[in-house]
Amino acid sequence: MHHLIYLSTPTQPLTDAELRALLTSARARNTELNVTGMLFYGPGHFLQLLEGDELTLAALYEHIGQDARHHSLVKLADKAVVGRSFGDWAMAFRPLDPDLFRYVHGYLAPEEVNLANTGLSHADVMLLELLRTHLREERPE
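For the sequence shown, full-length UniProt numbering assigns the number 1 to the initial residue and increments by one for each residue that follows.
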């Protein structure tokens, strides 16, 4: 089992409709690839933790790097891990209209993300907590 964490910058703020489309397509692709993890989206940042087979993650990261919705990818972690920390793939962000996402499978409000007992290293938890705190504070209009 392997995990990869990266940070990137959106080319422009995403609308709620774009976030919903991203959530739906990414969940389907990641389920097909047997990839789990979490994508945080916040003002000016994407931070994603992906878990799965090392070669699958390398190919997925290459694909992600070509996505026009963001730029300036920085790989923060790329390492073998004992097991998965997440049971599936989900996305956490602060939508402009939370009611649109109340029943969308895979959506989590930032405050609903539980990083306790995930098996992540202390450094990885700190990275995720840093962005989650940023997500709680603001959302671009």
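Every residue, glycine too, gets a C-beta built ideally from N, C-alpha and C.
Among the options, the one whose alpha carbon lies nearest that of residue i
| i | options | result |
| --- | --- | --- |
| G83 | K75, E54, I64, H63 | E54 |
| L60 | F46, N30, H45, S72 | N30 |
| M38 | H122, A17, V81, H3 | H3 |
| I64 | A21, A17, T15, A26 | A26 |
| G87 | A80, K79, L49 | L49 |
Cβ-Cβ separation, residue j to residue i (assumed contact under 8 Å), whole Å
| i | j | result |
| --- | --- | --- |
| S85 | E62 | Actually they are not in contact, since the Cβ atoms of S85 and E62 sit about 23 Å apart, beyond 8 Å. |
| V125 | W89 | 18 Å between Cβ atoms; not a contact. |
Same chain, Cβ closer than 6 Å to residue i, five either side skipped, listed in chain order
| i | result |
| --- | --- |
| K75 | Y6 |
Sequence-distant residues of its chain with Cβ nearer than 8 Å to residue i (five each side left out)
| i | result |
| --- | --- |
| A68 | T11 |
Contacts around residue i, its chain only, beta-carbon distance under 7 Å, and the 5 residues preceding and following it disregarded
| i | result |
| --- | --- |
| H70 | S8, T9, P10, T11, F46 |
DSSP state of residue i mapped onto helix, strand, coil
| i | result |
| --- | --- |
| V74 | strand |
| A68 | coil |
Under 7 Å between C-beta atoms of residue i and residue j
| i | j | result |
| --- | --- | --- |
| T56 | L33 | yes |
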